[in-house]
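K.L.:
Quick one: the structure is below, and I'll ask about it shortly.
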Amino acid sequence: MTLDLILALTAYAFVTSITPGPNNTMLLASGVNFGFGPTFPHILGVNLGFSVMVLAVGLGAGGAFVAFPLLHELLRYGGAAYLLYLAWRIARSGGVNGAAGRAEPMTFLQAAAFQWINPKTWIMAIGAITAYTPESGYFVNILVVTLVFTLINGPCVAAWAGFGTLLQRLLARPAWLRAFNVAMALLLVGSLYPILIMAL
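For the sequence shown, the positions run 1034 to 1233 when our numbering is used.
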């Protein structure tokens, strides 16, 4: 893989990792409600879970959708249903001192598993493999793509949790925190728009 291609991949990894999506919305909400330390396993789960997904897609997991189209439909609607559930939990959360919903942040394993039903991560992984992975030396290039995403994605998703932690003081009043959580839940529901459009 050439240096120019690695730089282009780095830019792709940064833009797709830092922009809003289900992971970043949930990390922002977790930072606000629980703080950075308790959210750290969630951050690692997103980062390492997604890295494993990129590696798996590069090694052929994405081909399962071609072989089994029903799998794509199950993933789409199962993922949408789970995102709606997470939005409901976020909307009902009241923070560390009196959560009405989720009593603790997402765990490492929950966050890692979530990558497999998150529509944005599938698009990111397939885009990285198809656009930035030369066929010559394919296996080594897959490792390079995975490493680049691991190094870029981690700080990007951590920034969202960090920003949420900074917002804790501004959202100290229960009514403001509640409004924030409802807004985050609505953003998460809004992330389902592309899925709904594809279904029409």
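Beta carbons are placed, not taken as given, at the ideal position from N, Cα and C, and that holds for glycine.
If ASN1080 and THR1166 are in contact, beta carbons under 8 Å, what's the gap, nearest whole angstrom?
P.N.:
Actually they are not in contact, since the Cβ atoms of ASN1080 and THR1166 sit about 20 Å apart, beyond 8 Å.
K.L.:
Provide the residue span of the alpha helix (DSSP H) that contains ALA1146, from first to last.
P.N.:
Taken as a continuous stretch (DSSP letters only), the alpha helix (DSSP H) holding ALA1146 covers 1141-1147.
K.L.:
Does the beta-carbon of TYR1171 have 16 or more other beta-carbons within 10 angstroms, so that it is buried, or is it exposed?
P.N.:
Exposed, since its Cβ has fewer than 16 Cβ neighbours within 10 Å.
K.L.:
According to DSSP, simplified to helix, strand and coil, what is GLY1082?
P.N.:
Helix, per DSSP.
K.L.:
Would you call the CB atoms of ALA1161 and GLY1078 closer than 7 Å?
P.N.:
No, these two residues do not count as a Cβ contact at 7 Å.
K.L.:
Can you name the start and end residues of the alpha helix (DSSP H) that SER1169 belongs to?
P.N.:
Note, SER1169: premise wrong, no alpha helix (DSSP H); not H, not E.
K.L.:
Can you tell me whether ALA1191 is buried or exposed? The criterion is at least 16 other CB atoms within 10 Å of its CB, across all chains shown.
P.N.:
Answer is buried; the Cβ neighbour count reaches 16.
K.L.:
Can you find at least 3 beta carbon pairs, one from the segment 1148-1160 and one from the segment 1103-1118, that sit closer than 8 Å?
P.N.:
Enough Cβ pairs lie closer than 8 Å, so yes.
K.L.:
Looking at C-alpha atoms only, which residue of ILE1123, VAL1177, VAL1087 and THR1049 is the closest neighbour of LEU1221?
P.N.:
Of the listed residues, the one whose Cα sits closest to LEU1221 is ILE1123.
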